[in-house]
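Heads up: the structure comes next, in C-alpha cells.
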Amino acid sequence: MVITCQINQQRLWNTLLELGEIGALLEEGTTRLSLSVEDLKARQYVINLMKEAGLKVRIDAVGNIIGKLEGTVKQAPIVLTGSHIDTVFQGGIFDGALGVLGAIEAVRSIKESGFQLKHSIEVVSFTDEEGTRFGTGYIGSKAMAGELDEATFLLTDANGMTYAEAFLQAQLDPRLYKQAKREREELKAYVELHIEQGKVLEEHQLPVGIVTDIQGPIWLDVVVKGHADHAGATPMYMRKDAALAMAELMLDIEKIAKMYDGVGTVGKVNIEPGGVNIIPGLAAFSVDLRHINKESRTKMMNEVYEAINRICQKRDVHAEMDMKKAVDPTSCQVEVIEVIEESCKELDVPTMRLQCGAGHDSLIMAKLTKMGMIFVRSKEGISHNPKEWSDYEDCMIGTQVLLNTLMRLAE
Ligand code: HGY
Ligand code: MN
Ligand code: MN
Ligand code: MN
C-alpha cells in the first residue's frame, strides 16, 4: 500500500500547546493528577477533539476515553493506539499527551483522506497512567487487560480521599471497573507514540526511535519507625533515628542499582514529627526499582529487603514495606517493530531500535495484544520536569510514522 496521507502539522502542534495549558502553572510546568479538576478539564478537551475529528467516542467503565474510526470489516480485530494525559507533579506538555494527540491527529487525517481500511482503529486516552496521585498507576490499561484489583479503590491520595471517592466525583462507578476488560481476540495490535524521556536519540541525532524492550517498575512504600526524642538531651548512641535509617537505605539502594545496572529511586520522603529539635521517630518513603531483566530486578529487590532488615537491626528501628506496583519488564512484538521500521523506511526517516527506561501503558497492553512503541527525541533527555521538550519537527515525524504504521496494521 502506498501511503500518501499526511498529518496536519500545525493542527497537532496547536492541540499540544492547548492541552499543555490545562494544569499549567507559570514556570512550574503542568500538573494534571489523575481525576483532579485539571485532569477532568483535559479529558473534556480530548473528548471534544475526538468528536471534532469525527471519531465515535465512548468512555469505558474506568474512564478510558476511546475514539473509534470504523473499518470496512466490523468484526475484524481493532488496531489500538494511544497513551495518557494525566501528568506527574510539575511535568511537561509532551509526556503522554503526544501519544494521545498524535494518535487523534493521525486517525483524523486518515479519515479526512477518505481512505477505507479493513480494521477499525481506536484511539485511547488511558486513565491514570502515572500513578502520582494514588501511588500506583496504569489504571486504565490494567482495567482493559483485566489486571486491576479491587484494593486499588481503597488507596488514598494526599488529602485522604479514596480512589473510589475520586471515581464517584468523576461520575464513574468503581463497582463497574470489570466492564472495562477487553478480550484478546478484539484487538490486533497496540502502538504507543511517546517521548523518549532519555538521551539516546539525541546522542545519535535521530528524530525517532523504535522500542525493543521496556523496563518493568516495582514501587514500594516503606515506613521506618524509630523513637522521637530530644535532639539535645539524647546521646548519639541511644538514638533510634528513623531518618538516619532511611538515609542509609537510600545510599544502599543507589549501590544495589549500580551493582545490577538497573535503576533505583527514592522520590518521595516524609519525616515525622518534623521538628528541628526532635529526633525523627518516623520516616516514610517511596522506592522505585527498575530493570530490563526480571531476574536481575528480583535480585535487586531481595538485596533491598536485606538492607532494610540489616539497617533496622543495627539501629534498633522497625520497618514496614508495602508493595504498590510490580509490573514485569516486557519486549515489543517483532512484527510491530518491523511495521514501524517499514513506515520509517518509506518516509525516509532515519531511526534506531532502543530500550525504554520509563514505564508506559504499553507494558500492560503487551499482556493483551501485540505491542509496539515509537519514540520521539527528548531535548537533553529531560522529562517529568517543566523543561521537558521535543522539537516541532520531531513530533511531526513521529506522528507521521504512527499514521503510516496504523494504516499498514489496519489495511
Ligand atoms: O513511571 C514511569 O516511568 C512513567 O512515567 N509512568
Ligand atoms: Mn511519565
Ligand atoms: Mn508517559
Ligand atoms: Mn508512562
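Each residue of the sequence shown is one higher than the one before, starting from 291 at the first, in our numbering.
Note that the Cβ used here is the ideal one computed from N, Cα and C, for glycine as well.
Tell me, please, which residues DSSP counts as bridged to residue i.
i: Glu308; result: Bridge partners of Glu308: none, in fact.
i: Ala609; result: Val514
i: Met663; result: Glu482
i: Glu318; result: Answer by DSSP bridge pairing: none, since Glu318 is not bridged.
i: Val553; result: Arg580
i: Ala574; result: Val513, Asn560
i: Cys646; result: Ile504
i: Ile355; result: Ile349, Ser415
i: Gly499; result: Phe665
i: Lys401; result: Answer is none; Lys401 lacks a bridge partner.
i: Asp519; result: Ile569
i: Val369; result: Ile411, Ala479
Quick check: what's the CA-CA separation for residue i versus residue j?
i: Ile654; j: Gln469; result: 17 Å
i: Met686; j: Ile297; result: 8 Å
i: Tyr480; j: Leu302; result: 21 Å
i: Arg472; j: Gly436; result: 7 Å
i: Ala441; j: Asp350; result: 20 Å
i: Met697; j: Ile368; result: 12 Å
i: Ile293; j: Glu636; result: 9 Å
i: Thr446; j: Val594; result: 26 Å
i: Leu466; j: Thr620; result: 29 Å
i: Met540; j: Val559; result: 11 Å
i: Gly313; j: Ala387; result: 13 Å
i: Glu255; j: Lys584; result: Because the chain in this structure spans residues 291 to 701, residue 255 falls outside the shown range and cannot be described.
i: Glu308; j: Val336; result: 11 Å
i: Phe379; j: Val363; result: 43 Å
i: Val352; j: Glu482; result: 20 Å
i: Ile708; j: Ala454; result: The question about residue 708 has no answer, for the chain in this structure spans 291 to 701.
i: Met536; j: Val556; result: 10 Å
i: Glu596; j: Gly516; result: 18 Å
i: Ala533; j: Gly571; result: 8 Å
i: Lys432; j: Gly552; result: 24 Å
i: Asp542; j: Val512; result: 14 Å
i: Met549; j: Glu701; result: 47 Å
i: Pro464; j: Lys660; result: 28 Å
i: Gln299; j: Ser680; result: 14 Å
i: Ala547; j: Ala648; result: 15 Å
i: Leu462; j: Lys346; result: 20 Å
Using beta-carbon positions only, say whether residue i and residue j come within less than 8 Å of one another.
i: Met613; j: Leu510; result: yes
i: Gly688; j: Val498; result: yes
i: Gln623; j: Gly565; result: no
i: Leu306; j: Ile383; result: yes
i: Gly319; j: Gly381; result: yes
i: Ile485; j: Ser324; result: no
i: Tyr428; j: Val626; result: no
i: Leu699; j: Lys478; result: yes
i: Ala609; j: Ile569; result: no
i: Glu538; j: Ile601; result: yes
i: Leu658; j: Met291; result: no
i: Gly357; j: Gln487; result: no
i: Gly522; j: Asn592; result: no
Closest by CA to residue i, which one among the options?
i: Asp376; options: Lys331, Met663, Leu407, Gln299; result: Lys331
i: Met590; options: Cys602, Thr442, Leu496, Ile508; result: Ile508
i: Gln505; options: Ile355, Gly557, Leu579; result: Leu579
i: Ser576; options: Ile561, Asn567, Ile582; result: Ile561
i: Val413; options: Leu316, Leu359, Arg605; result: Leu359
i: Leu316; options: Pro367, Lys677, Glu683, Leu696; result: Lys677
i: Ile411; options: Gly344, Thr452, Leu445, Gly450; result: Gly344
i: Gln334; options: Thr321, Gln487, Ser415, Val292; result: Ser415
i: Ala574; options: Val553, Ile598, Asn583; result: Ile598
i: Glu476; options: Ala366, Leu644, Pro640; result: Ala366
i: Arg423; options: Gly386, Ala448, Gly392; result: Ala448
i: Gly389; options: Asp651, Glu683, Glu701, Leu658; result: Asp651
i: Lys645; options: Asp503, Asp681, Asn567; result: According to the sequence as given, residue 645 is Gln; it is not Lys. The shortest C-alpha separation from Gln645 is found at Asp503.
i: Gly554; options: His409, Leu445, His581, Arg600; result: His581
i: Gly444; options: Ala456, Ala433, Met434; result: Looking at the sequence itself, residue 444 is Leu, so the reference to Gly does not match. It is Ala456 whose Cα lies nearest to the Cα of Leu444.
i: Asp385; options: Leu438, Thr452, Val352, Asn675; result: Asn675
i: Met526; options: Ser673, Asp606, Val363; result: Asp606
i: His520; options: Val514, Ile672, Asp531; result: Asp531
i: Ile664; options: Leu407, Trp679, Thr371, Glu342; result: Thr371
i: Ala460; options: Asn354, Gly649, Ala648, Glu683; result: Asn354
i: Gly702; options: Gly450, Ser403, Lys346; result: Only positions 291 to 701 of the chain appear in the structure, and residue 702 is not among them; the question remains open.
i: Gly361; options: Gly404, Glu311, Thr524; result: Gly404
i: Glu683; options: Arg322, Gly392, Lys346, Cys295; result: Gly392
i: Val514; options: Glu311, His409, Met611; result: Met611
i: Leu458; options: Gly522, Ser326, Glu492, Leu491; result: Ser326
i: Val639; options: Ala656, Ile546, Leu491; result: Leu491
Open item on the list: Does the stretch 628 to 635 come into contact with the stretch 689 to 698, if we say contact requires no fewer than three beta-carbon pairs (one atom in each stretch) closer than 8 Å?
Closed with: The stretch 628 to 635, when compared against the stretch 689 to 698, does touch it at the 8 Å Cβ threshold.
Open item on the list: With three or more C-beta pairs closer than 8 Å as the rule, is the stretch 417 to 434 touching the stretch 393 to 402?
Closed with: No: the two stretches stay apart, fewer than three of their Cβ pairs being nearer than 8 Å.
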